[in-house]
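Right, one structure below, let's go through it.
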Ligand SMILES: Nc1ncnc2c1ncn2[C@@H]1O[C@H](COP(=O)(O)OP(=O)(O)OP(=O)(O)O)[C@@H](O)[C@H]1O
Ligand SMILES: [Mg+2]
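Residue numbers (full-length UniProt numbering), protein chains in the order written: chain A, 1 to 343; chain B, 1 to 221.
Following this line, the structure appears as structure tokens:
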């Protein structure tokens, strides 16, 4: 649906040339929600803007639906842009127009007849949950409501693709959640492919299928959200994962362990998919006569599959612990945690 | 020094006020017809804008600056031949309107430019992402978004024109300025001067008040 092929972007300013995006290649499949995450200045916005050519790549190619956007005439490009909705961090609504008029603009631009505009806008506002705000002006709305208008506007011309540049970054956590739910519905109900840019791992965890991590203009890691969360490789990726998964022991727990002078073995166990439903711990506890103590952990959902991360202390005979760990290792990912080493 | 015949005087004041209104009003219309497109051009030919064009921008920019740097009273005298060419005479209310328009148009262009530059670039970006043409971006996004600020700025231009039109009166252009000079200054009737000054103050107040109201009404609802 969207293919980036060795996309690079340089900006030439008074202080010389700056490379904002370096040799990025990946593909977004139809119907997926694809996330790009990175810190501020990583080049994410520059990258997403190459899709509808708000920014021209300096080299490399971007294909949308198999078409190389750079080869289009100005008129063809405008036609293609109508098939690509875009949602912005700061909403970018027309302050001088009502909610209704904001959502109607794209329809008016494509000369939709008046009698078709009315029901279409109503339907869109209903969909985003703003059916009663039609005659309000943007400055009478909350941030979340403004973003809903932005989304309704982006959907007006029934696009196949929705680009979201930090669609939730200006919103509080609760509102973020409700906008993410809305984007998920957009994806499910209209089968719209979504490319979303963010610096919040929560966004990736909650709605994305695939993710690319960017740093200093480069892709450093890429894959399914599940793989990335369960086995992050790059340090930046691990930091992002930690931000929402907290697979590190909190300081208070470490202090407690030190205080009690325990030298028992701590293990990190990852539960993925179906395995998360199995009573593995109590099984090994019975089989190998061990006690276990869950020190820390979290179970969440990734791509509609359960995913858990537990840090467990085993108490018992060394030999038995060894065997128990092996037993668990056959089915789950388990690794020993050294509390003295912190990364 | 003769006593003033007040009954005649009030008729003169009424006529002078009308002349000022006509001069200011028509000058405003013609100056806007020139200045608004000029201001839009100054914005869209800028670097990185819709119709980026260095040469056009520089030419417009310099021309506007040159005209803006000539004081009105000098401009009025300097373009007398041009004024004659256009309206056939260089005295009277109609003749005064030529320098007034030339004086106000570049001023309005600058005000329009600043209003349009205030519009959030994000709105233009959103417009582009919707596949809007450059003309649609100007007339359906930029101008409507700037409208309230445009009205406030045109109010400033109108008040500038009221002042300039009074100056035009000094060289026989008619209007309240003419009245003040011929009665008050040349014939030493300072009470006449006072009346015209008060009238000018009231006029400016009215213009500013209506401008504020209209701008506020346009900002929302
Ligand atoms: N038009 C431009 N001219 C020059 N440099 C630019 C331009 N646009 C972006 N940059 C630079 O490119 C780099 C990447 O910018 P970009 O906006 O893509 O980052 P980002 O990952 O979206 O960051 P953020 O999370 O802050 O939005 C930044 O260092 C920025 O200064
Ligand atoms: Mg950005």
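All residues carry an ideal CB built from backbone N, CA and C; glycine is no exception.
Contact check for residue 303 of chain A against residue 253 of chain A fails: the beta carbons are separated by 7 Å or more. About 17 Å separates the beta carbon of residue 161 of chain A from that of residue 182 of chain A, a gap too long to meet the 8 Å contact definition. At the C-beta level, residue 79 of chain B and residue 99 of chain B come within 7 Å of one another. Put simply, of A:294, A:60 and A:101 the residue whose alpha carbon is nearest the alpha carbon of residue 153 of chain A is A:101. For residue 45 of chain A, the CB falls within less than 6 Å of some heavy atom of ligand 2.
Residues of the same chain with a CB within less than 7 Å of the CB of residue 33 of chain A, apart from the 5 flanking positions on each side, are 187, 194, 196, 207, 208 and 209 in chain order. With a 10 Å radius around the Cβ and a threshold of 16 neighbouring Cβ atoms, residue 56 of chain A comes out exposed. Near chain A, meaning a CB-to-CB distance below 8 Å, the residues of the segment 147 to 161 of chain B are 147 and 148.
Distances taken from the Cβ of residue 40 of chain A to the heavy atoms of ligand 1 include one shorter than 6 Å. Contacts with chain B (Cβ-Cβ distance below 7 Å) from the segment 73 to 92 of chain A involve 78, 79, 81, 82, 86, 88, 90 and 92, listed in chain order. Restricting attention to A:8, A:109 and A:1, the CA atom closest to the CA of residue 214 of chain A is found in A:8.
Close to residue 133 of chain B, with beta-carbon spacing below 9 Å, are these residues of chain A in chain order: 74, 75, 78 and 109. One finds 88, 90 and 92 in chain A with Cβ atoms closer than 7 Å to the Cβ of residue 122 of chain B, taken in chain order. For residue 141 of chain B, the chain A residues whose C-beta falls within less than 7 Å of its own C-beta are 94, listed in chain order.
Separation of residue 49 of chain A and residue 104 of chain B (C-alpha to C-alpha, rounded to the nearest whole angstrom) is 41 Å.
Around the beta carbon of residue 178 of chain B, 16 or more other beta carbons lie within 10 angstroms, which makes this residue buried. DSSP, reduced to helix, strand and coil, places residue 61 of chain A within a strand of the structure shown. With a threshold of 7 Å between beta carbons, residue 114 of chain B makes no contact with chain A.
With respect to the C-alpha of residue 108 of chain A, the residue from A:81, A:84, A:172 and A:156 having the closest C-alpha is A:156. Annotated three-state conformation of residue 163 of chain A is strand, per DSSP.
Between residue 115 of chain B and residue 146 of chain B, the C-beta spacing is below 7 Å. By a beta-carbon distance limit of 8 Å, residue 171 of chain A does not contact residue 203 of chain A. Their separation comes to about 11 Å. In this structure residue 113 of chain A is not in contact with residue 125 of chain A, their Cβ atoms being roughly 19 Å apart against a cut-off of 8 Å. For residue 130 of chain B, at least one C-beta of chain A is nearer than 7 Å to its own C-beta. Against residue 125 of chain B, the close residues of chain A are 49, 54, 86, 88 and 92, in the order they occur along the chain (beta-carbon pairs closer than 9 Å). For the segment 103 to 131 of chain A, the set of residues with a beta-carbon nearer than 8 Å to any beta-carbon of chain B comprises 105, 106, 108, 109 and 110, in chain order.
Around the beta carbon of residue 146 of chain A, 16 or more other beta carbons lie within 10 angstroms, which makes this residue buried. The segment 302 to 321 of chain A and the segment 11 to 27 of chain B do not touch, with fewer than 3 CB-CB distances between them shorter than 8 Å. Interface residue (Cβ-Cβ distance to chain A less than 7 Å): residue 145 of chain B is classified as such. Look at residue 20 of chain A: its beta carbon is less than 6 Å from one of the heavy atoms in ligand 1. Between residue 207 of chain B and residue 90 of chain B, the alpha-carbon positions lie close to 28 Å from each other. For residue 23 of chain A, the enclosing beta strand (DSSP E) starts and ends at 16 to 28. The alpha-carbon separation between residue 211 of chain A and residue 221 of chain A amounts to approximately 8 Å. Here residue 118 of chain B carries a coil assignment [DSSP, helix/strand/coil]. At a cut-off of 3 residues, the continuous stretches assigned as beta strand (DSSP E) that sit fully inside the segment 81 to 151 of chain A are 84 to 87.
Separation of residue 321 of chain A and residue 234 of chain A (C-alpha to C-alpha, rounded to the nearest whole angstrom) is 31 Å.
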